[in-house]
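*Asks:* Residue 44 is where the sequence shown starts when you use my numbering, and the numbers rise one by one after that.
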Amino acid sequence: MKRIVAHIVVHKDAPERGRQSGQGLVEYMIMLALIAVAVILIINVLEPTIANVFSRFVRQAPVAPPALLAYTPPATPIPTADPNATPTNTPPVPPPDTPTPTNTPTSTPTSTPTTTASPTPPTPVASTFTSIAAEDGYVLEQASSSRGGEAFSAGAIEIGDHNNNQDSQKKGFLSFDTSTLPPEATIISAQLRIRRINLEGNPYGTLAYIVADIAQPNGFSANHALQTTDFEAGAAEQTIAIFSQAGSNGAWAEAPLLLHGLPHINRTGRTQFRLYFSISDNDNASHDRVFFDGGEAADSNNRPQLIITYTAP
44 MKRIVAHIVV
54 HKDAPERGRQ
64 SGQGLVEYMI
74 MLALIAVAVI
84 LIINVLEPTI
94 ANVFSRFVRQ
104 APVAPPALLA
114 YTPPATPIPT
124 ADPNATPTNT
134 PPVPPPDTPT
144 PTNTPTSTPT
154 STPTTTASPT
164 PPTPVASTFT
174 SIAAEDGYVL
184 EQASSSRGGE
194 AFSAGAIEIG
204 DHNNNQDSQK
214 KGFLSFDTST
224 LPPEATIISA
234 QLRIRRINLE
244 GNPYGTLAYI
254 VADIAQPNGF
264 SANHALQTTD
274 FEAGAAEQTI
284 AIFSQAGSNG
294 AWAEAPLLLH
304 GLPHINRTGR
314 TQFRLYFSIS
324 DNDNASHDRV
334 FFDGGEAADS
344 NNRPQLIITY
354 TAP
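1. Could you name each continuous beta strand (DSSP E) segment of 3 residues or more that falls completely within the region 247 to 293, going from the start of the chain to the end?
2. Measure the alpha-carbon distance for T173 versus D210 and round it to whole angstroms.
3. With distances taken Cα to Cα, identify the nearest neighbour of Q281 among S196, L302 and E243.
4. Going straight from the alpha carbon of N208 to that of E193, what length do you get?
5. Once you ignore the five residues that flank L300 on each side, which residues in its own chain have a CB closer than 6 Å to its CB?
6. Quick check: the Cα distance between T229 and Y353, rounded to an integer number of angstroms?
7. Rounded to a whole number of angstroms, what is the C-alpha to C-alpha distance between N266 and S196?
8. Is the region 242 to 260 close to the region 337 to 348, with three or more CB pairs under 8 Å?
9. Tell me whether R332 is buried or exposed, calling it buried when 16 or more other Cβ atoms sit within 10 Å of its Cβ.
10. For the beta strand (DSSP E) containing R227, name the first residue and the last one.
11. Closest to N241 by C-alpha separation, out of P162, I175, Y71 and A296, would be which residue?
12. Have a look at R313 and R346 and give me their C-alpha separation to the nearest angstrom.
13. Can you name the start and end residues of the beta strand (DSSP E) that G337 belongs to?
Have a look at this one:
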């Protein structure tokens with residue numbers, strides 16, 4: 044800087060240069076001098092600050108430790124094969140175990156129990172038995188003494204009362220040969236049927252309805268033949284059937300056997316019944332009676348019937 048100032052002074056004093064050219068050069072130099080002075084002043088002012096900034100940067104910058112900077116990695120030695128060494132068989136590496144698949148338990152099908160077919164129940168069989176002519180008929184009461192006085196086997200079966208002074212009662216009798224039933228048969232039901240052929244008086248109005256008793260296996264009075272003592276003879280069961288009313292000639296009076304009468308149907312011989320009105324008489328000294336076909340009826344379809352329904356194994 045001093046050289047520049049000196050040079051300016053020297054050139055300012057030189058006489059040989061022209062005034063005009065010297066004046067321009069002087070102005071130029073003066074400007075340079077001023078710029079230089081300004082720069083110097085700025086540097087002097089800012090020098091401490093700039094130095095402080097660079098000092099802090101140097102202090103804060105990370106520096107590797109000297110040992111690390113001087114570290115040289117050692118050379119890895121190359122292994123030398125020993126010619127006398129016995130080779131060691133390296134066992135082959137087994138392949139990775141393949142997981143054994145776990146068997147999924149298969150459900151054992153439950154066998155459906157075979158349905159045992161229920162035995163088919165036997166088909167019911169209905170058998171119709173016809174009254175035996177020689178053993179059916181009616182017995183007339185003996186003068187209201189509750190004893191039989193006369194027995195009538197031929198002709199129609201009369202049930203009701205008589206027109207004498209005592210209004211003697213009349214009881215009918217039916218006899219069926221049921222020995223043809225299978226011994227092992229199970230009787231389900233039975234029904235008596237008698238066909239009306241005539242009527243006198245008002246038996247259904249005054250004597251009520253007809254009922255039936257069933258005899259022991261050997262018959263009333265211990266004999267299957269009709270006799271006067273059958274009128275009052277003991278029975279195996281009384282009132283085992285109640286007949287419907289036969290409203291006209293040719294109509295049938297029907298009576299299903301009640302349960303307590305079924306066991307007394309005879310499977311080895313005759314089955315006999317005694318029929319009578321529930322009211323013995325009405326004391327009017329007139330006939331009140333109904334006539335029914337017996338075993339002698341010309342048309343076998345009109346004869347008294349016993350229909351038995353049963354099953355057999």
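Backbone N, C-alpha and C fix where the C-beta goes; we use that ideal spot for every residue, glycine too.
Just so we're clear, the structure is a prediction, and the values are computed from it rather than from any experiment.
*Replies:* To lay it out plainly:
1. 253 to 257 and 280 to 285
2. 31 Å
3. L302
4. 16 Å
5. A233, I283 and A284
6. 5 Å
7. 14 Å
8. no
9. buried
10. According to the sequence as given, residue 227 is Glu; it is not Arg. E227 -> no beta strand (DSSP E), and no H or E assigned at all.
11. A296
12. 17 Å
13. Per DSSP, G337 belongs to no beta strand (DSSP E) and is neither H nor E.
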